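A quick write-up on the structure given underneath.
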Amino acid sequence: MNIWDLAKQKLVENKQRAAELEQKLDDENGAVNDNYLAEVRRRHESHIIIAGNRKCGKSSFMLNFLERKEDLRESVGLEFTYARRTRGNVKDVANLWELGGGSSVTELLSVPITAKNVETCSLIVLLDMTNLSEMWITIEKTVDTVRRLVENLERQDVNLQTRMAEKSRLRLEKYESSSLKMCTPCPLPMTIVATKYDEFQNFESEKRRHLCQFLRFLAYSYGANLMMYSSRMEQFPKLVKNMISHFAFGTVCPQGYITDHNKPMFIKCGFDNLEAIGIPPGSDNFMGASSPFNLWRESFISLWPQKTGNVDVEDTKKQDPMIDPVFKEPSIDNLVEIKRKELENHIRSKRDREAAEARAAERIAKINVR
Numbered sequence: 003m004n005i006w007d008l009a010k011q012k013l014v015e016n017k018q019r020a021a022e023l024e025q026k027l028d029d030e031n032g033a034v035n036d037n038y039l040a041e042v043r044r045r046h047e048s049h050i051i052i053a054g055n056r057k058c059g060k061s062s063f064m065l066n067f068l069e070r071k072e073d074l075r076e077s078v079g080l081e082f083t084y085a086r087r088t089r090g091n092v093k094d095v096a097n098l099w100e101l102g103g104g105s106s107v108t109e110l111l112s113v114p115i116t117a118k119n120v121e122t123c124s125l126i127v128l129l130d131m132t133n134l135s136e137m138w139i140t141i142e143k144t145v146d147t148v149r150r151l152v153e154n155l156e157r158q159d160v161n162l163q164t165r166m167a168e169k170s171r172l173r174l175e176k177y178e179s180s181s182l183k184m185c186t187p188c189p190l191p192m193t194i195v196a197t198k199y200d201e202f203q204n205f206e207s208e209k210r211r212h213l214c215q216f217l218r219f220l221a222y223s224y225g226a227n228l229m230m231y232s233s234r235m236e237q238f239p240k241l242v243k244n245m246i247s248h249f250a251f252g253t254v255c256p257q258g259y260i261t262d263h264n265k266p267m268f269i270k271c272g273f274d275n276l277e278a279i280g281i282p283p284g285s286d287n288f289m290g291a292s293s294p295f296n297l298w299r300e301s302f303i304s305l306w307p308q309k310t311g312n313v314d315v316e317d318t319k320k321q322d323p324m325i326d327p328v329f330k331e332p333s334i335d336n337l338v339e340i341k342r343k344e345l346e347n348h349i350r351s352k353r354d355r356e357a358a359e360a361r362a363a364e365r366i367a368k369i370n371v372r
């Protein structure tokens, strides 16, 4: 046997190991039984966008998946990391994009959502259940930005529009056609994660029930999976890992259907329906709404008014990255200090010049009077 025969034999063995690993994943998570999952598994690179309002647990959520133990710090702007998985001679790469700063910086989503990446992008939106005054505006602004970016890319490429429509059809194939007409699905595969479940448990029963209704409707309307999460409870890390792995590496999506507001909800896309969700609280007062989404939005805002204007701005001002030691860069900081002093000197000299000109003008005026 020569070296070329050995190379061919090694290649065959690597393919067999990759197939065995894939079968092992199937055995652990269930058989592949839908077209969308089969399409995802053909990827070797994916992009996962993790968004949500500030201080809702995005960083801890991502670190759970990466199995890293690091000191948490507040994310700023769009932060990037990646994860890899090897199957024989095949390497899968998951690019993870964390949007720090809440809904005030959603325009940064144009970085990962490009013509090259959009077909392998997925969106995970974390919503803080203890901060209801920003919940609706956060998810609506995030999804609207994603939708606008994707539509801009589709206008530039008709074939891309066709492919994205087919991917959406595969994801939503469990929806009834009549119900689908009342929904506004997100153009990317999406999961809504309601965070801080440990504090949510202490809410009054009626408040928990109403909030669960709203979350179920949002997930149904956007064509998203829905789950609850807490970084302080041991039962969630495995679920987080399995959910992100589903989008990142094409593993089977976690199974389950939990709608009880006394338990951590988990609903896969397409397994819920409007009849089971019910009507929004106080819907009798909003019969003039133009669509089901507007009806639910108005009901939500009537219970928990949303912050107007640009949310997260006040908190952003309190935490200035310029003075945060985490972002210390000596060479850049020295240049900034030099420029700051130059600016102060310029302002001082300008002020002195203006004062001198004013005194000169005053003396001239007195001379003219004489």
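Residue numbers in the sequence shown follow my numbering, run continuously in steps of one, and reach 372 at the last position. Yeah, the Cβ is synthetic: ideal placement off N, Cα and C, and Gly gets one too. Predicted model, so just to flag it, every value in this text is computed and none were measured.
*Throw me the rounded Cβ distance for the MET64 and VAL127 pair, which I believe falls under 8 Å.*
Sequence index remark: in the sequence shown, residue 64 carries index 62 (1-based). Sequence index remark: in the sequence shown, residue 127 carries index 125 (1-based). Rounded, the Cβ-Cβ distance is 13 Å, inconsistent with contact.
*asked:* Tell me which residue opens and which closes the alpha helix (DSSP H) that ASP130 is part of.
replied: By one-based count along the sequence shown, residue 130 stands at place 128. Run containing ASP130: none in the alpha helix (DSSP H); it sits in the beta strand (DSSP E), 123-130.
*Three-state class that DSSP yields for ILE281 in the structure shown*: Start at 1 with the first residue of the sequence shown, and residue 281 comes out as number 279. Reduced to three states, the DSSP call for ILE281 is coil.
*asked:* Along the chain, where does the beta strand (DSSP E) containing SER48 start, and where does it finish?
replied: One-based indexing of the sequence shown puts residue 48 at position 46. Taken as a continuous stretch (DSSP letters only), the beta strand (DSSP E) holding SER48 covers 47-54.
*Measuring only between beta-carbons, confirm whether PHE205 sits less than 8 Å from chain C.*
Absent from the structure: chain C. Only one protein chain is present.
*Compare the C-alpha of SER170 against each of VAL338, MET184, CYS188 and ASP159 and name the closest.*
Working through the sequence shown from its first residue, we reach residue 170 at position 168. It is CYS188.
*Compute the distance between the beta-carbons of TYR224 and VAL145, then report whether it is under 8 Å.*
The count along the sequence shown starts at 1 and reaches residue 224 at position 222. The count along the sequence shown starts at 1 and reaches residue 145 at position 143. For TYR224 and VAL145, yes; Cβs fall inside 8 Å.
*Between the C-alpha atoms of PHE251 and THR83, what's the straight-line distance to the nearest angstrom?*
Position 249 of the sequence shown, counted from the first residue, corresponds to residue 251. Position 81 of the sequence shown, counted from the first residue, corresponds to residue 83. Taking the straight line joining both Cα atoms gives about 15 Å.
_Give me, in chain order, the residues of the same chain whose beta-carbon lies closer than 7 Å to that of TRP241; leave out the 5 immediate sequence neighbours on both sides._
The sequence position of residue 241 within the sequence shown is 239, counting from 1. Per the sequence shown, the amino acid found at residue 241 is Leu instead of Trp. Excluding residues within five positions, the ones whose Cβ falls inside 7 Å are MET229 and PRO256.
_First and last residue of the uninterrupted beta strand (DSSP E) at ASP159_ = On the sequence shown, residue 159 is found 157 positions in, with the first residue counted as 1. Taken as a continuous stretch (DSSP letters only), ASP159 belongs to no beta strand (DSSP E), as it is neither H nor E.
*Helix, strand or coil for LYS341, going by three-state DSSP, please let me know.*
In the sequence shown, counting from the first residue as 1, residue 341 sits at position 339. Three-state result, LYS341: helix.
*Compute the Euclidean distance between the alpha carbons of ILE369 and ALA362, then round it to the nearest angstrom.*
Start at 1 with the first residue of the sequence shown, and residue 369 comes out as number 367. Start at 1 with the first residue of the sequence shown, and residue 362 comes out as number 360. Cα to Cα, the separation comes out at about 11 Å.
*Whole-Å CB distance - LEU162 paired with GLU168, under 8 Å assumed*: Here the question's residue 162 lines up with position 160 in the sequence shown. Here the question's residue 168 lines up with position 166 in the sequence shown. About 11 Å; that fails the 8 Å criterion.
_8 Å contact criterion, which ARG210 and ASP274 should meet: CB distance rounded_ = Here residue 210 refers to the residue found at position 208 of the sequence shown. Here residue 274 refers to the residue found at position 272 of the sequence shown. Going by Cβ atoms, the distance from ARG210 to ASP274 rounds to 17 Å, so no, they are not a contact pair.
*Is MET131 closer than 8 Å to ALA196 when the C-beta atoms are compared?*
As a working note, residue 196 is residue 194 in the sequence shown. As a working note, residue 131 is residue 129 in the sequence shown. Closer than 8 Å, so yes.
_Can you find the residues in the same chain that come closer than 7 Å, C-beta to C-beta, to LEU220, ignoring five residues on each side of it along the sequence?_
In the sequence shown, the residue the question calls residue 220 occupies position 218. Excluding positions up to five away in sequence, the list reads ILE141 and ILE194.
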